[in-house]
Amino acid sequence: MKTILSLLLLTALLPLCAEDLDPRLAPMADTYSKQVKAITDRSVTAKSKALESFLAELKESEAKATKGGNVKELAAIKKEIADLEKGLALPVPPLDLPKLMESRHKTYVKAFENADAAAARDKKQLDEKYLAALAKLQPASSDAALAAQIEDQKKRVLSGNLGPMTDLQTQLAGTRWQMVKDPSKFEVFTKEGRYVHWKYTTPDPQTVIIHWDAKSSEAWKLAKDGKTLLRNGQPDMMLAPAAPK
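Below, the structure is given as C-alpha cells:
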C-alpha cells in the first residue's frame, strides 16, 4: 500500500520555499506554500480513500470468483488488482471484469477526477489571490532585490499551473514529467529535442516518438486528460511542475 500511496503524490502541487526571501515577502510565500500543501493533502486523502475502498471491493469479488470457479472473471479481477498494486493509478479495466466491478471501477475513476478538479479549482483561486498580493507589494518598493524575488515567485506560481496539453508539437518542449512506476524519478523533454540521451520528435499533436537509435524508435501517446503520456496504451509518465529552484 505504501507504493500505492506514493503514486497518489503525483497530484502534488509546486510548493514555494520562503527561505532567504525579503522579510516583506517571506510571510506571504510561506502562507501560500502551506495552503498549496493543504490542497495537495486533501486531494491525496480523497484518492487514497477511493483506492483503498476499490481494492477492498475487488478482493471481495476475487474471493467470490474463486469460490464460484469463474476462471475468466477471476483472471480479470486479479489483473485489475495487480495493475493497481504495481502503480497504475487508473488502469484500463479488463474485458471480463464482473459488471459490478466495472461499475465500481467507474466510481473509482470519477473519485480521482473529482479530486483533481477540486484541487485545480482551489489552486486556481489560491494562485489568483497570491498573484494579486504580489502585484500590490511590487510597486510599494523600489528595492531591486525585492522586485526580482517577486518576479521569481510569480514565475514559480505560473509554472505550477499544469496543462492540460492539447498539442505536443508546440507544448512538449521544456516540460518536466514524473514517472508513474517510480514517482521519485523525473525526466525532461528539452527544448533542444532531447529526452534523457535520446532524440525525440512530434509527428502530430498527440504523439511523441523516442528515437532509441538509428534503427529503433517508440511512439508514446498523449492521453485524453492532456497530462499523461501513454506507453503501450498504459500510463507511463505524468506532467509535473518545473523543478524547484
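Numbering (the numbering used here), first residue to last: 1 to 245. A virtual CB, placed ideally from N, CA and C, is assigned to each residue, including glycine. A quick note: this is a predicted structure, and the numbers were derived from the prediction, not measured.
I'd like the span of the beta strand (DSSP E) that includes residue i, first residue to last.
i: Arg176; result: 175-179
i: Thr31; result: Taken as a continuous stretch (DSSP letters only), Thr31 belongs to no beta strand (DSSP E), being part of the alpha helix (DSSP H) at 26-68.
i: Leu229; result: 228-231
By the three-class DSSP mapping on this structure, what secondary structure does residue i have?
i: Leu146; result: helix
i: Asp167; result: coil
i: Val157; result: helix
i: Ser217; result: strand
i: Val92; result: coil
i: Asp22; result: coil
i: Val196; result: coil
i: Leu239; result: strand
i: Pro257; result: For the chain, the structure presents residues 1 to 245; residue 257 sits outside this window and is missing.
i: Asp182; result: coil
i: Asp225; result: coil
i: Leu97; result: coil
Who pairs with residue i in a beta bridge, going by DSSP?
i: Val208; result: Trp220
i: Leu126; result: Leu126 is not bridged to any residue.
i: Gln234; result: Arg231
i: Glu102; result: Glu102 pairs with nothing; no bridge assigned.
i: Phe189; result: Thr175, Tyr195
Leaving out the 5 sequence neighbours to the left and right, which residues in its chain are closer than 6 Å to residue i when beta-carbon positions are compared?
i: Thr175; result: Phe189
i: Asp127; result: Val157
i: Ile81; result: Leu58
i: Ser184; result: none
i: Lys79; result: Pro94
Give a yes or no on whether the C-beta atoms belonging to residue i and residue j are separated by under 7 Å.
i: Leu168; j: Pro203; result: no
i: Ala76; j: Leu97; result: yes
i: Ser61; j: Met28; result: no
i: Ala111; j: Ala50; result: yes
i: Ala120; j: Ser43; result: no
i: Ile150; j: Leu134; result: yes
i: Lys191; j: Ala173; result: yes
i: Ser216; j: Ile209; result: no
Grab the span of the alpha helix (DSSP H) containing residue i for me, first residue to last.
i: Glu85; result: 71-85
With a CB to CB cut of under 8 Å and the five nearest residues on each side skipped, what residues in its chain are close to residue i?
i: His197; result: none
i: Glu187; result: Arg176, Trp177, Met179, Tyr195, Val196, Met237
i: Ala65; result: Glu73, Leu74, Ile77, Pro98
i: Asp22; result: Asp143, Ala145, Leu146, Gln149
For residue i, collect the residues of the same chain with a Cβ closer than 7 Å to its Cβ; drop the 5 residues on either side in sequence, then sort them by chain order.
i: Leu222; result: Met165, Leu168, Gln206, Leu229
i: Gln171; result: Met165
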